[in-house]
Amino acid sequence: MSKPIAGFSKLSKSKKIEWIVNTYFSDAHDARDILEQYWNSNEKLQQLHDEFIENTITNYYLPLGVAPNFLINGKLYTIPMAIEESSVVAAASKAAKFWLKRGGFKTQVISTTKIGQVHFIYNGDFEKLQVYFNHVKSKLIEDTEDISKNMKKRGGGILDIELRNKTQDIPNYYQLHASFETLNAMGANFINSCLEQFAKTFKTEALSFHLFSEEEKQMDVVMSILSNYVPDCLVRAEVSCKVEDLNEGHISGEAFAKKFVRAVRIAEVEPFRAVTHNKGVMNGIDAVVLATGNDFRAIEAGVHAYASRKGRYSSLTYAKVEDGIFKFWIEIPLALGTVGGLTGLHPLVKLALELLHNPSAKELMQIVAVAGLAQNFAALRSLTTTGIQQGHMKMHLMNILNQFEANDKEKEQLTDYFKDKTVTHSAVTKAIKQLRLKG
Ligand code: MEV
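Read the sequence shown against the numbering used here and you will find it ends at 500, with the numbers running on by one and no gaps.
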């Protein structure tokens, strides 16, 4: 068993690696080689990555792919996607192509409000607290002037602060519940700085509030933090076409629409299906969120909370047929930024944003929602017709061949061989063994 190490973060990068490889690996040289293989030969670029986080020992690569032909509100986009799952980019591209011929995607930002809260404990009379809040509210906003003046100049800032009584849930628990407009920034740092200032002012001013008893003056701030639940930072994306335009040879438009709408309905009412259905949506969303340097954990947390807002986890997408028109849409909360964070630092993030015509945060919300809808469309289309494995395993073939360390010639021969056959792990194993026996 290894021993704990003191002061690890203070060691140089090479000393950190030395300790890691010697402590955990049977072949220290091999482990060091793998770590070093992923270093960037451009020292400045490597240093940039080293400094993103603490204790960096190497870089972790994900493929950055692109899905072209996305027509969104009449404008064409090629969408960058950072993801490891073999079939996701291919599925997005297929969905984009399908809808390109049917009018493309229509999107709309519904709202852009973000939320932050100061959670505190107050031992005293609620009415007095309400009077105190009304008295101190303008001072709370005034004291954040330095933090918010730039945001305000651009048209954003603090929208409102409410006092919320949560004592039914926890004795003496209250909140300052604040709303913000953060424009093109995701806004986490701005919101958290404002909240910490609110907390400071709220505590300090209470000490001299004339109506409070000595006990009531002692506001106990538990924490001040933004919420990643953003049900009022909403975007909608949709596709629609005549049912007959869904005709695709092997299945009539009517039959397809019926199956598709039913599949979405199942995800609406059945949480076990809804989670997987939404996972497919997030395949598209996370890939673009990651490629554009946004916080995919925040997006994931907020989206799944939204999917449960009615008390039961449900589908993020909806579908219907009305008057011969098939309509499929998503409504989803997305707090995204196109300035701040990694957006101006990571060269690939800058490149991804330029590829998207340097979008505003609102435009990015629309593009990301489209990627989620397209991914869900592609998944449901396969699931309700051919089944998912046909397309998925086709894309996964290369991974299996790489597990067998197939050379280029073997890859070419086997890709050709599996063109009209079902790919399974055992079928590939058999085919590669036979090929090698022959050779
Ligand atoms: C796989 O990554 C995603 C799917 O399972 C989504 C779905 O079932 O809708 C194919």
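The beta carbon of each residue, even a glycine, is placed where N, CA and C say it ideally should be.
Can you check DSSP and say which residues form a bridge with D207?
Indexing the sequence shown from 1 puts residue 207 at position 146. Paired residues: none, contrary to the question.
Stretch-stretch touch, CB-based, cutoff 8 Å, three pairs: the stretch 350 to 365 with the stretch 150 to 162:
The stretch 350 to 365 vs the stretch 150 to 162: no contact.
Return yes when the Cβ of L425 is within less than 9 Å of the Cβ of L417, no when it is not.
For this step, residue 417 is matched to residue 356 along the sequence shown. For this step, residue 425 is matched to residue 364 along the sequence shown. Closer than 9 Å, so yes.
Assuming contact is defined by CB atoms lying nearer than 9 Å, are L287 and V342 in contact in what I supplied?
Counting from 1 along the sequence shown, the entry for residue 287 is found at position 226. Counting from 1 along the sequence shown, the entry for residue 342 is found at position 281. The answer is no: Cβ separation not under 9 Å.
G218 lies in the beta strand (DSSP E); which residues open and close that run?
Sequence index remark: in the sequence shown, residue 218 carries index 157 (1-based). First-last of the beta strand (DSSP E) with G218: G218 to N226.
Does DSSP put G177 in a helix, a strand or coil?
As a first step, residue 177 must be located in the sequence shown, where it is residue number 116. The answer is strand: DSSP assigns G177 an E or B state.
Do I393 and V330 have their CB atoms nearer than 9 Å?
The residue given as residue 393 occupies position 332 in the sequence shown. The residue given as residue 330 occupies position 269 in the sequence shown. The answer is no: Cβ separation not under 9 Å.
If you count every other CB in all the chains shown that lies within 10 Å of the CB of F29, and 16 or more means buried, which is it?
No information on residue 29 is available, as it lies outside the stretch 62 to 500 that the chain covers here.
Compute every distance between the C-beta of L441 and the non-hydrogen atoms of ligand 1, then say whether any falls below 8 Å.
Taking the first residue of the sequence shown as 1, we reach residue 441 at position 380. Under cutoff, so the answer is yes.
Completely contained alpha helix (DSSP H) runs for the stretch 326 to 403, where each covers 4 or more residues
As far as the stretch 326 to 403 is concerned, its whole alpha helix (DSSP H) runs of at least 4 residues are 332 to 352 and 357 to 368.
Cα-Cα separation, F69 to I114:
In the sequence shown, counting from the first residue as 1, residue 69 sits at position 8. In the sequence shown, counting from the first residue as 1, residue 114 sits at position 53. Rounded to the nearest angstrom, the two C-alpha atoms are 14 Å apart.
Taking 9 Å as the threshold (C-beta atoms), are N233 and N184 in contact?
Locating residue 184 in the sequence shown gives position 123, counting from the first residue. Locating residue 233 in the sequence shown gives position 172, counting from the first residue. Cβ distance < 9 Å, so N184 and N233 count as in contact.
Check each candidate in E471, T483 and F479 and name the one with the smallest Cα separation from K499.
Counted from its first residue, the sequence shown places residue 499 at position 438. K499 has its Cα closest to that of E471, out of E471, T483 and F479.
Taking only three categories from DSSP, how would you classify G310?
Your numbering for residue 310 matches position 249 in the sequence shown. Here G310 sits in coil by DSSP.
Kindly list the residues whose CB is nearer than 7 Å to the CB of K15, restricted to its own chain and excluding five residues on each side of it in sequence; keep chain order.
Nothing about residue 15 can be reported from this structure: the residues present for the chain run from 62 to 500 only.
What is the rounded straight-line gap between the Cα of T262 and the Cα of H238?
The residue given as residue 262 occupies position 201 in the sequence shown. The residue given as residue 238 occupies position 177 in the sequence shown. In a straight line, the C-alpha of T262 is about 15 Å away from that of H238.
Closest to A440 by C-alpha separation, out of D356, A324, A430 and L395, would be which residue?
Here residue 440 refers to the residue found at position 379 when the sequence shown is read from its first residue. Minimum Cα distance to A440 is reached at A324.
Straight-line Cα distance separating A413 from L403
The sequence position of residue 403 within the sequence shown is 342, counting from 1. The sequence position of residue 413 within the sequence shown is 352, counting from 1. Taking the straight line from one Cα to the other gives about 12 Å.
In the DSSP assignment, what residue or residues form a beta bridge with L125?
For the purposes of this step, residue 125 is identified with residue 64 of the sequence shown, where counting begins at 1. Bridge partners of L125: A143.
What residue does the alpha helix (DSSP H) around R163 start on, and which one ends it?
Residue mapping note: residue 163 aligns to position 102 of the sequence shown, counting from 1. R163 -> no alpha helix (DSSP H), and no H or E assigned at all.
Using 8 Å as the cut-off, classify the Cβ of V484 as near or not near the heavy atoms of ligand 1, replying yes or no.
As a position in the sequence shown, residue 484 is number 423, starting the count at 1. Incorrect: V484 has no Cβ contact closer than 8 Å to ligand 1.
According to DSSP, residues forming a beta bridge with F241:
Here residue 241 refers to the residue found at position 180 when the sequence shown is read from its first residue. DSSP lists K175 and I219 as partners of F241.
Identify, in the order they occur along the chain, each residue of the same chain with its Cβ nearer than 8 Å to the Cβ of T446, setting aside the five sequence neighbours on each side.
For the purposes of this step, residue 446 is taken as the residue at position 385 of the sequence shown. Correct list, in chain order: H311, I312, F317 and K320.
Separation of L272 from T265, as counted between CA atoms
Here residue 265 is taken as the residue at index 204 of the sequence shown, counted from 1. Here residue 272 is taken as the residue at index 211 of the sequence shown, counted from 1. Going by the C-alpha atoms only, they are around 15 Å apart.
Can you tell me which residues form a DSSP beta bridge with M284?
Residue 284 sits at position 223 when you count from the first residue of the sequence shown. Paired residues: H180.
According to DSSP, is S301 part of a helix, a strand, or is it coil?
For the purposes of this step, residue 301 is identified with residue 240 of the sequence shown, where counting begins at 1. Strand at S301.
Separation of F159 from E188, as counted between CA atoms
As a first step, residue 188 is located in the sequence shown; it is residue number 127 there, counting from the start. As a first step, residue 159 is located in the sequence shown; it is residue number 98 there, counting from the start. Spanning the two alpha carbons is a distance of roughly 60 Å.
Bridge partners - I133, DSSP secondary structure assignment
Position 72 of the sequence shown holds residue 133. Answer by DSSP bridge pairing, in chain order: K136 and F166.
Cβ pair count under 8 Å reaching 3, the stretch 100 to 112 against the stretch 135 to 144
no
Three Cβ pairs or more, each shorter than 8 Å: is that satisfied between the stretch 218 to 237 and the stretch 197 to 207?
yes
Rounded C-beta distance between F387 and C302? I'm assuming under 8 Å.
As a position in the sequence shown, residue 387 is number 326, starting the count at 1. As a position in the sequence shown, residue 302 is number 241, starting the count at 1. Right, the Cβ-Cβ distance comes to about 6 Å (below 8 Å), so this counts as a contact.
Checking 9 Å against the spacing of the C-beta atoms, do S546 and N460 come in under that value?
Missing from the structure shown is residue 546; the chain here goes from 62 to 500 and no further.
Helix, strand or coil: how does DSSP classify Q539 here?
In the structure as shown, the chain begins at 62 and stops at 500. Residue 539 is therefore absent and cannot be evaluated.
Does the beta-carbon distance from I81 to A298 come in below 9 Å?
In the sequence shown, counting from the first residue as 1, residue 81 sits at position 20. In the sequence shown, counting from the first residue as 1, residue 298 sits at position 237. Cβ distance not < 9 Å, so I81 and A298 don't count as in contact.
Proximity to G385 [Cα-Cα], best of G405, A359, K371 and G314:
Start at 1 with the first residue of the sequence shown, and residue 385 comes out as number 324. Restricting attention to G405, A359, K371 and G314, the CA atom closest to the CA of G385 is found in G314.
Taking C294 and A362 to be in contact with their CB atoms under 8 Å, please state how far apart those CB atoms are, rounded to whole angstroms.
Position 233 of the sequence shown holds residue 294. Position 301 of the sequence shown holds residue 362. Wrong, their Cβ atoms sit about 13 Å apart, outside the cutoff.
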